[in-house]
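Heads up, the thing below is written out as structure tokens.
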Amino acid sequence: MTLRYSTDIVIFGGGIAGLWLLNSLREAGYQAILFERHTIGSGQTLASQGIIHGGLKYALQGSLTGAAQAIAAMPERWRQCLAGEGDMDLRGTRVLCEHYYMWSGASMRSKLKSFLGSKSLRGRVDTVPQAEYPEFFQQASIKGTLYQLPDFVVDSESLIDVLAGRQQAHLFSLPDQVVEFGSDGFSDARTLKLTHREHDIEMRAQRFIFAAGEGNKGLINAAGLGKPQTQVRPLNMVYLKMPGLPQLFVHCIGDSFSLTPRLTVTSHRDESGETVWYLGGDIAETGVGKTDAEQVDRARQLLDELFPWIDVTAAEWRCFTINRAEPKVENDSRPDDAYFTKEENILVTWPTKLTLAPALSDQVLADLRKDKIIPSSAAPEITLEAILKPAVIGAPEWHLGTTA
15 MTLRYSTDIV IFGGGIAGLW LLNSLREAGY QAILFERHTI GSGQTLASQG
65 IIHGGLKYAL QGSLTGAAQA IAAMPERWRQ CLAGEGDMDL RGTRVLCEHY
115 YMWSGASMRS KLKSFLGSKS LRGRVDTVPQ AEYPEFFQQA SIKGTLYQLP
165 DFVVDSESLI DVLAGRQQAH LFSLPDQVVE FGSDGFSDAR TLKLTHREHD
215 IEMRAQRFIF AAGEGNKGLI NAAGLGKPQT QVRPLNMVYL KMPGLPQLFV
265 HCIGDSFSLT PRLTVTSHRD ESGETVWYLG GDIAETGVGK TDAEQVDRAR
315 QLLDELFPWI DVTAAEWRCF TINRAEPKVE NDSRPDDAYF TKEENILVTW
365 PTKLTLAPAL SDQVLADLRK DKIIPSSAAP EITLEAILKP AVIGAPEWHL
415 GTTA
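Okay, so the sequence shown: first residue is 15 according to our numbering, each after it adds one.
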């Protein structure tokens, strides 16, 4: 039996991109639904460190790159949303750290002082007086300099809860369904066909939006799109738990300016309330292909080198791998900004970074207005809630307690 369903927008992917888009589109009056194959937030969003950054780390190469300029306004925009004063109401999202820090060794002091004092960066970064160091760095046994950045850290789990919580009736699970795209018979516009148990569901939409991160590749192939190509940049992330572990939020940079800090640390809480240090940066990028034992050993050595005043020998360690999925750009480099491309009635999107989710929403809404796609008033022919299961919200790795 074939059932027919029409709506304005169908979104694939329940991470930050899909959820932000769903909320923005429904707020603008569009009928919109979202499909997620796994759990809401699973993949890159709940695996992110939650840093809302203004692009300063991209300027560490010595110039304000396109990436840095695209991101510069994002921290203030997010802060407005968190206060309930922006275009997205994010009240209820926990802020883990109001100001992120950067720690450099003594050998970089003069070079950093000159660079961070340049006209383009003046006022964006403050050197923290030693008397005002957070408690962790007051205990430092090696020389270094601490800088306060405009960046801050949100709890990705509560961010997902806030965005998904408002749209529960419009979030659907697609764990086993076969997804096919066809023609509407009148133009090149695509239709969607889902096979679910005894039902075939034919869906028509003004726009299908792919916001599924790494899953976009399969959707692009299923829809027979000519572009874009995709790329992944894998990471081998590490986290550790230990009673009494202090809260720490810092980029540690090495002896030269680099796009990737040697170590990026954020602090979170597991289900028992114990502090978790979550480690990213260069160690995650260069750790791909290493065994868990090798990666943990590297992480332990790095912490001993950078923070010799803290003993983490009693810590419990875990590793897991995650792919950062993006559009393939020239020279396989990192995309500078949020990205979307369009073919007929399909948009393929990536925010490319958590902090750029609002920018992606801006681009999509502007494209809908340009194409004169207006919200419809007709009610859907069937009720999907009676056929499809609701999508379930996921959890970060340190709640799951397993090694991926």
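We put the beta carbon where it would ideally sit given N, CA and C, even for glycine. Since the model is a prediction, treat every value here as computed from it, not as a measurement.
Under the three-state DSSP convention, the category ALA405 falls into: In this structure, ALA405 counts as coil in the three-state DSSP scheme.
Residue span of the alpha helix (DSSP H) that contains LYS231, given as start and end: 230 to 237 is the span of the alpha helix (DSSP H), which, as asked, contains LYS231.
Bounding residues of the alpha helix (DSSP H) (the contiguous stretch that carries THR59): Membership of THR59 in the alpha helix (DSSP H) is indicated by the continuous run 58 to 61.
Inter-residue Cα distance where the pair is ASP214 and HIS184: About 19 Å.
Enclosing beta strand (DSSP E) for TRP331 [first to last residue]: For TRP331, the enclosing beta strand (DSSP E) covers residues 330 to 341.
For ASP22, the three-state DSSP class (helix, strand or coil): Of the three classes helix, strand and coil, the one that applies to ASP22 here is strand, per DSSP.
Spatially closest choice to ASN235 from GLU194, LEU254, GLY258 and PHE200, by CA coordinates: Per the Cα distances, GLU194.
Exposure label - PHE200; buried when at least 16 CB within 10 Å: Classification for PHE200: exposed.
Backbone secondary structure at ARG51 - three-state DSSP: Three-state DSSP puts ARG51 in coil, outside helix and strand.
Burial state of GLU340, where buried means 16 or more other Cβ atoms lie within 10 Å: Around the beta carbon of GLU340, a 10 Å sphere encloses 16 or more other beta carbons of the protein chains shown; the residue is thus reported as buried.
Buried/exposed call for ASP388, threshold 16 Cβ in 10 Å: One point to set straight first is that residue 388 is Ile, not Asp, in the sequence displayed. Flag for ILE388 reads exposed.
Boundaries of the beta strand (DSSP E) in which TRP420 is found, first to last residue: A question about residue 420 goes unanswered here, because the residues of the chain that appear run from 15 up to 418.
Inter-stretch contact (C-beta, 8 Å, three-pair minimum) for the region 321 to 340 and the region 38 to 46: Taking a cut-off of 8 Å on C-beta distances, the region 321 to 340 does not touch the region 38 to 46, as fewer than three cross pairs fall below it.
Inter-residue Cα distance where the pair is PHE26 and THR289: Cα to Cα, the separation comes out at about 34 Å.
LYS384, enclosing alpha helix (DSSP H) - first and last residue: Run containing LYS384: 371 to 384, per the alpha helix (DSSP H) assignment.
Residues of its chain near ILE267, where Cβ-Cβ distance is below 6 Å and the 5 sequence neighbours each way are ignored: So the list reads SER118 and PRO275, once near-sequence residues are dropped.
Inter-stretch contact at 8 Å, needing at least 3 Cβ pairs: the region 185 to 192 / the region 164 to 171: Segments in contact, no.
Extent of the continuous beta strand (DSSP E) run through VAL214: In the sequence under discussion, the amino acid at residue 214 is Asp, which differs from the Val named in the question. Residues 213 to 224.
Residue environment, GLN152, which counts as buried when at least 16 other CB atoms sit within 10 Å: So GLN152 counts as exposed.
Candidates LEU233, PRO248, ASN250 and LEU249: closest to PRO444 by CA position: Outside the displayed range of the chain (15 to 418) lies residue 444, so it cannot be described from this structure.
Check whether GLN245 and LYS342 have beta carbons under 8 Å apart: Taking 8 Å as the cut-off, the beta carbon of GLN245 is found closer than this to the beta carbon of LYS342.
Three-state secondary structure assigned by DSSP to LEU368: Note: LEU368 maps to helix in three-state DSSP.
Reduced DSSP secondary structure (H/G/I, E/B, other) of GLN181: GLN181 falls in the coil class under three-state DSSP.
Bounding residues of the alpha helix (DSSP H) (the contiguous stretch that carries ILE297): In the DSSP annotation of this structure, the continuous segment of the alpha helix (DSSP H) that includes ILE297 starts and ends at 296 to 300.
Beta-carbon proximity of ILE23 to ARG211, cut-off 8 Å: Not in contact: ILE23 and ARG211 (Cβ atoms no closer than 8 Å).
Alpha-carbon spacing of THR159 relative to THR363, whole angstroms: Whole-angstrom Cα-Cα distance: 39 Å.
HIS210, DSSP secondary structure in three states: Strand.
Buried/exposed call for LEU398, threshold 16 Cβ in 10 Å: Under this definition LEU398 is a buried residue.
Distance cut-off 7 Å: THR280 Cβ against heavy atoms of the ligand SAH: Looking at this structure, you won't find the ligand SAH or any other ligand, since it has none at all.
Rounded Cβ spacing between GLY28 and ALA405 (contact assumed at less than 8 Å): For GLY28 against ALA405, the beta-carbon gap comes to about 6 Å, under 8 Å, which counts as contact.
Contact under 8 Å by Cβ, LEU262 with TRP331: No, Cβ-Cβ distance for LEU262 and TRP331 is not below 8 Å.
Contacts around LYS304, its chain only, beta-carbon distance under 8 Å, and the 5 residues preceding and following it disregarded: Annotation for LYS304: ASN250 and ARG312 place their beta carbon closer than 8 Å to its own, counting only its chain and skipping 5 residues before and after.
Beta-carbon gap between GLY295 and LEU277 smaller than 8 Å: Yes, they are a contact pair.
Distance between GLU146 and GLN162 (C-alpha atoms, nearest Å): Taking the straight line from one Cα to the other gives about 11 Å.
For ILE54, the nearest candidate out of SER155, THR107, GLY179 and MET88 (CA to CA): Ranking SER155, THR107, GLY179 and MET88 by Cα distance to ILE54 puts GLY179 first.
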